[in-house]
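With the numbering used here as the guide, the letters of the sequence shown map in order to residues 50 to 312. The C-beta atom is built at its ideal place from N, Cα and C for all residues, glycine as well.
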Amino acid sequence: MNWLRLAQAAKSIGFGGIDLTVRQGGHVPPERAAEDLPKAVAAIREEGLDVPMITTEITSADDPAARTILTIAAKHSIPFFKPGYYKYKMVNVRRELEEAAGQFRGLVGLGKQYGVQAGHHNHEEYMGAPVWDVASVIDTLDPKWAGFYFDPRHAVAEGGVGGWKIATNLVMPRLKMVAAKDFRWEKAETGWAARNCPLGEGMVDWKYFVTALAAGGFQGPISLHLEYDVAGKTSPAKEENILAALGRNDNKSVGENSCAWRL
Numbered sequence: 050m051n052w053l054r055l056a057q058a059a060k061s062i063g064f065g066g067i068d069l070t071v072r073q074g075g076h077v078p079p080e081r082a083a084e085d086l087p088k089a090v091a092a093i094r095e096e097g098l099d100v101p102m103i104t105t106e107i108t109s110a111d112d113p114a115a116r117t118i119l120t121i122a123a124k125h126s127i128p129f130f131k132p133g134y135y136k137y138k139m140v141n142v143r144r145e146l147e148e149a150a151g152q153f154r155g156l157v158g159l160g161k162q163y164g165v166q167a168g169h170h171n172h173e174e175y176m177g178a179p180v181w182d183v184a185s186v187i188d189t190l191d192p193k194w195a196g197f198y199f200d201p202r203h204a205v206a207e208g209g210v211g212g213w214k215i216a217t218n219l220v221m222p223r224l225k226m227v228a229a230k231d232f233r234w235e236k237a238e239t240g241w242a243a244r245n246c247p248l249g250e251g252m253v254d255w256k257y258f259v260t261a262l263a264a265g266g267f268q269g270p271i272s273l274h275l276e277y278d279v280a281g282k283t284s285p286a287k288e289e290n291i292l293a294a295l296g297r298n299d300n301k302s303v304g305e306n307s308c309a310w311r312l
């Protein structure tokens with residue numbers, strides 16, 4: 050889907066903006082950021098939508114694409130960016146956390162230099178999966194430039210009954226962005242598996258979470274992720290079904306904040 054079509058589709062559903070993916074396989078490949086990211090932003094804004102954040106694979110200030118992407122984001126008034134992931138090797142987690150923290154600090158410093166805020170996304174198997182680990186890093190950084198991109202789907206999968214609620218409270222004072230998606234546990238041949246599903250059909254207690262967002266005064270972007278299978282054997286048919294699914298999810302509003310669409 051090209052950028053104009055993307056913007057038109059998002060607008061027709063009722064979204065306020067686009068969470069642009071600037072990574073391999075995304076809306077804009079990193080190596081083409083200098084040329085294509087400004088064009089993508091312009092196409093989206095021509096439709097009256099915002100670009101409140103970009104999703105990247107950047108994990109270090111030394112990444113050749115880091116300065117280019119953040120320079121363009123700042124030039125086009127994109128306030129937030131999601132860095133890439135730091136995977137635990139499960140050899141020495143404390144040491145691995147220290148190494149990842151050093152890279153993240155450098156990246157936050159680069160974001161500060163250009164005026165773009167970093168939101169760390171919690172995801173299974175990576176730094177931030179239990180939230181407490183990355184909180185020990187983020188707490189040492191300037192709250193203006195470093196915070197959380199909180200994903201209740203992953204927090205519930207990792208945190209069970211009460212751990213995710215503790216994590217929600219923990220991130221709230223420094224919450225930059227929210228990822229909206231859901232999942233449910235299903236029995237598979239090899240055991241229980243987490244399967245992504247439409248909002249409200251899974252394990253996330255959205256009433257609790259939205260109440261927490263309101264109580265915390267959250268004002269940042271909410272990015273809706275459609276990561277479950279959608280029917281369609283041809284590209285046009287699948288696109289039509291994706292738009293319908295997004296419309297159903299958007300109607301299950303998770304708040305009054307600017308809601309962005311990310312594929």
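Cβ-based neighbour list, residue i, same chain, cut-off 7 Å, excluding 5 preceding and 5 following
i, result
"A123", "Y163, G164 and V165"
"E238", "none"
"Y175", "Y134, Y135, K136 and Y137"
"C246", "D231, F232, R233 and Y277"
Which of helix, strand or coil DSSP assigns to residue i
i, result
"K287", "Caution is warranted here: a pLDDT of 46 is assigned to K287, below 50, making its placement in the model unreliable, and no coordinate value can be reported."
"Q268", "coil"
"H170", "strand"
"D188", "coil"
"K193", "coil"
Residue i - partner residues in DSSP beta bridges
i, result
"W234", "A243"
"V71", "T105"
"D112", "For D112, which the question treats as bridged, DSSP gives no partner whatsoever."
"L146", "For L146, which the question treats as bridged, DSSP gives no partner whatsoever."
C-alpha gap between residue i and residue j, whole angstroms
i, j, result
"F130", "V77", "14 Å"
"A243", "A114", "33 Å"
"L190", "V142", "21 Å"
"V186", "Q73", "27 Å"
"V227", "F199", "5 Å"
"L275", "G265", "26 Å"
"M139", "W181", "17 Å"
"G151", "P101", "26 Å"
Nearest to residue i (by Cα), restricted to the options the options
i, options, result
"D99", "W234, L69 and V227", "L69"
"P192", "G158, V71 and V253", "G158"
"V205", "G196, G65, H172 and G97", "H172"
"A261", "E145, E95 and P201", "P201"
Spatial neighbours of residue i in its chain, beta-carbon cut-off 8 Å, leaving aside the 5 residues before and after
i, result
"W52", "H76, K88, A89, A92 and I93"
"S109", "A115, Q152, G155 and L156"
Sequence-distant residues of the same chain with beta carbon closer than 6 Å to residue i, five excluded per side
i, result
"E106", "R72 and G133"
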